[in-house]
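Novice: Note that this note's numbering has the sequence shown beginning at 6, numbered continuously upward. All residues carry an ideal CB built from backbone N, CA and C; glycine is no exception.
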Amino acid sequence: MRRRALKIAAIVPYYSEEIKRTLRLTYEYSPGGLNKILPMVRLLARDHALTVLSTGYAKRADFRWIARREEKLALGGRPVRVVYPGYLAVRYLSFLEITLACWRECLRQKPDLIMFYNFRVESLFPALLAKLFGGAKILCQFEDGLHVLFPPGSVRGLVFRALYGLGKRWSDGFTLVNGDLRTEFPERTSVVVPFILSDEEGASARPQLFRLKDAPVIRVAYSGTLDRERGADVFLEAARRLRGNPRFHFFVTGRGPLLDRVLERAGRRENLTYAGLLSENEVGAHLREMDILVNPQKRSHPFARYSFPSKVMRYILLNRPIVSTDFRDISEVSAPGLFFYGNDDPGDLARVLAGLADRDVEVDYRTLFEKFSETKIRDALQTLIQRLAAARA
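What follows is the structure in structure tokens.
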């Protein structure tokens, strides 16, 4: 199939630090999904004329006009045009305003294809309107389990289930966040992309030996949303079970429903410290000081079927020993330094951590860099995009 460069618009929740200040947002509004969004943007920009349309909106808005502005985003030496649409910020209604503003941008730019992030009102509806009134093909970067997080009879549960059904029906293609979703989405119009690791980072990846058995203190970290579906409670319980081992100290960063429980545990001054809600740069610096990084996201929770923990990608890039639940797309790969525990069991997590304390650990993630390399995913994604373009022609 002949490949041709397309005009693509990516509707995603990206905003720079300057825009974040303009919208009066805090670190709380730095989506974890950026670890997947920005590599996807970088990948698309290598082959196509790409414009990013930001869905970032003022969530605690007073009545004011947010002026349209543009900037350049440098990704791998390739400047990408970013448009922040102009809209009227009104409390409780800003997300509707940004939805219409993104649609207006789509009408103005007339893209061949729109990639949008998840089945949300502010991303799905501009893409859908551009498809119906502009003839664009629409491709969803899907990693969204909100439709299973809320009770079926609740207002939010009904809304997110409706969005999920609408998005599945009307989207022309999908990138799926894990291989388990193959059974729910058409294989011909989907490609599995848990995350993307750049070729430059893969080329520089080297084995590294961590002498944990000689370390007087072993620092173990969890970073991310503090809720049950992501396993923050499992991490806390594993820390409690290892209180008798004075070599272990646990660190938590992030916000979420379990924050009070984290603060209560940290306040006892035992073996756990809450490091706060950190910026992207601060999180990276903090985790580089750790000895073991933990991903306890629960496999038994329905949310796991529709997600892949973005923290795993961050952890791999930091080249530290990782202990994780056995997500299919990484458990299938043999990678020294990557360890798994079973059944969402905090006792098993504590057992694996205790075992690592008595040994030297070699970390070598080159097989992961190969499986999730930019080049490999680029080929699969390009095949899908060109198929959609041919159907539009």
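#1: Output yes or no for whether 8 Å exceeds the beta carbon distance between Tyr346 and Val328.
#2: Count the other CB atoms within 10 Å of the CB of Phe190; is the residue buried (16 or more) or exposed (fewer)?
#3: What is the DSSP secondary structure of Pro341, counted as helix, strand or coil?
#4: Assuming Cys111 and Glu127 form a contact by the criterion Cβ under 8 Å, report the distance between their Cβ atoms to the nearest whole angstrom.
#5: If we count the other Cβ atoms within 10 Å of its Cβ and call it buried at 16 or more, is Glu23 buried or exposed?
#6: Measuring CA to CA, which of Ala226, Leu48 and Thr27 is closest to Ile201?
#7: Would you report the Cα separation of Leu343 and Leu80, rounded to the nearest angstrom?
#8: Taking DSSP's pairing of strands, which residues face His254 in a bridge?
#9: Inspect the beta-carbon positions of Asp185 and Arg310 and report whether they are closer than 8 Å.
#10: Mind checking who Thr330 pairs with in its DSSP beta bridge?
#11: Just checking my contact of Gly261 with Asp296 at CB under 8 Å: how many whole Å lie between their CB atoms?
#12: Which first and last residues belong to the alpha helix (DSSP H) in which Glu192 is found?
#13: Mark Ala340 as exposed unless 16 or more other C-beta atoms lie within 10 angstroms of its C-beta, in which case mark it buried.
#14: Is Gly259 helix, strand or coil when you go by DSSP?
#15: Given this structure, state the Cα-to-Cα distance separating Pro307 from Leu154, to the nearest angstrom.
#16: Quick one: grab the DSSP three-state call for Ala72.
#17: Which of the three DSSP states is assigned to Asn40 in this structure?
#18: Figure out for me which residue from His152, Leu361, Asp350 and Ala290 has the closest Cα to the Cα of Ser305.
Specialist: Taking the structure as given:
#1: yes
#2: buried
#3: coil
#4: Not a contact, Cβ separation roughly 13 Å.
#5: exposed
#6: Leu48
#7: 28 Å
#8: Arg224
#9: yes
#10: Tyr346
#11: The Cβ separation is near 24 Å, so there is no contact.
#12: Counting along the chain, Glu192 falls outside any alpha helix (DSSP H), and DSSP gives it neither H nor E.
#13: buried
#14: coil
#15: 8 Å
#16: coil
#17: helix
#18: Asp350
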